[in-house]
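Chemist:
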Amino acid sequence: MEIHQIKRCAAQMILLAGPGVVISTFLLGASLKIAFPYNWSWSTSLLLGGLLSATDPVAVVALLKELGASKKLGTIIEGESLMNDGTAIVVYQLLLRMVTGWTFNWGAVIKFLVQVSLGAVGVGIAFGMASVLWLGFIFNDTVIEISLTLAVSYVSYFTAQQGVDISGVLTVMTLGMFYSAVAKTAFKGESQQSLHHFW
Numbered sequence: 000m001e002i003h004q005i006k007r008c009a010a011q012m013i014l015l016a017g018p019g020v021v022i023s024t025f026l027l028g029a030s031l032k033i034a035f036p037y038n039w040s041w042s043t044s045l046l047l048g049g050l051l052s053a054t055d056p057v058a059v060v061a062l063l064k065e066l067g068a069s070k071k072l073g074t075i076i077e078g079e080s081l082m083n084d085g086t087a088i089v090v091y092q093l094l095l096r097m098v099t100g101w102t103f104n105w106g107a108v109i110k111f112l113v114q115v116s117l118g119a120v121g122v123g124i125a126f127g128m129a130s131v132l133w134l135g136f137i138f139n140d141t142v143i144e145i146s147l148t149l150a151v152s153y154v155s156y157f158t159a160q161q162g163v164d165i166s167g168v169l170t171v172m173t174l175g176m177f178y179s180a181v182a183k184t185a186f187k188g189e190s191q192q193s194l195h196h197f198w
């Protein structure tokens, strides 16, 4: 895919994942609050709603491949699901903090969501740029290039989730999109094909 197509796919994924998870969380949380006789607080009901709001498109993607639908549609659905999971984790972290006693006003909620999501994008891009610079010193060694991309994915997730306390899933997703959009020139010849088949 070209860069403008990747940008368009990313915009579509953000549009589907962000508001979709929030709406699903509130609808599920409200349904649980009304339907269950447990006298849960709104934050507890919304916490379970956020936990249940992530989707899994495995059956949909398999059906699309079977029907011969365009690869672009399958990519958008798979990417949206990954972003949906990342967004659901962020919403879950926020609601878990509310349930465990942290007090939030609207400004603190917006600050938390922006910090966690935009921080993840920043860390993903930083790891992507560092690894592409590192790949510049490696010449046509497929095993090292594949090992480096695999190690950077794990290290970026761990750094984001445990070290910086932001979304590791969104960090790795941003790293993958950075590789797809920018890093293709860093992989040359057979390495690019081998890396594509590996991932």
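In numbering that gives the first Met the number 0, the protein residues as written are 0 to 198.
We treat Cβ as the ideally placed atom computed from N, Cα and C, and that holds for glycine.
1. Output needed for leucine 47: all residues of its chain with C-beta closer than 6 Å, excluding positions within five of it in sequence on either side, in chain order.
2. Between the beta-carbon of leucine 112 and the beta-carbon of valine 89, is there less than 8 Å?
3. For alanine 107, is the classification buried or exposed, using 16 other Cβ atoms within 10 angstroms of its Cβ as the cut-off for buried?
4. Could you spell out the range, first to last residue, of the alpha helix (DSSP H) harbouring valine 122?
5. Can you tell me whether tyrosine 156 is helix, strand or coil according to DSSP?
6. Could you check whether methionine 172 and glycine 118 sit closer than 8 Å to each other, using their CB atoms as the reference points?
7. For the alpha helix (DSSP H) holding glycine 78, just list the boundary residues, first then last.
8. If I measure Cβ to Cβ from tyrosine 91 and keep anything under 8 Å in the same chain, skipping five residues before and after, which residues do I get?
9. Taking just the CA atoms, how far does isoleucine 109 sit from serine 80?
10. What three-state label does DSSP hand serine 166 in the structure shown?
11. Give the single residue among Asn83, Asn38, Pro36 whose Cα lies nearest to the Cα of threonine 54.
12. Spatial neighbours of serine 147 within its chain, please: CB distance less than 7 Å, with the 5 preceding and 5 following residues excluded, ordered by chain position.
13. What does a CB cutoff of less than 7 Å around valine 59 pick up in its chain, not counting 5 residues either side in sequence?
Modeler: Based on what the coordinates show:
1. Leu31
2. yes
3. exposed
4. 105-134
5. helix
6. no
7. 70-98
8. Leu46, Gly49, Leu50
9. 23 Å
10. coil
11. Asn83
12. The displayed chain sequence assigns leucine, not serine, to residue 147. Answer for leucine 147: Ser130, Trp133, Leu134, listed in chain order.
13. Ile76
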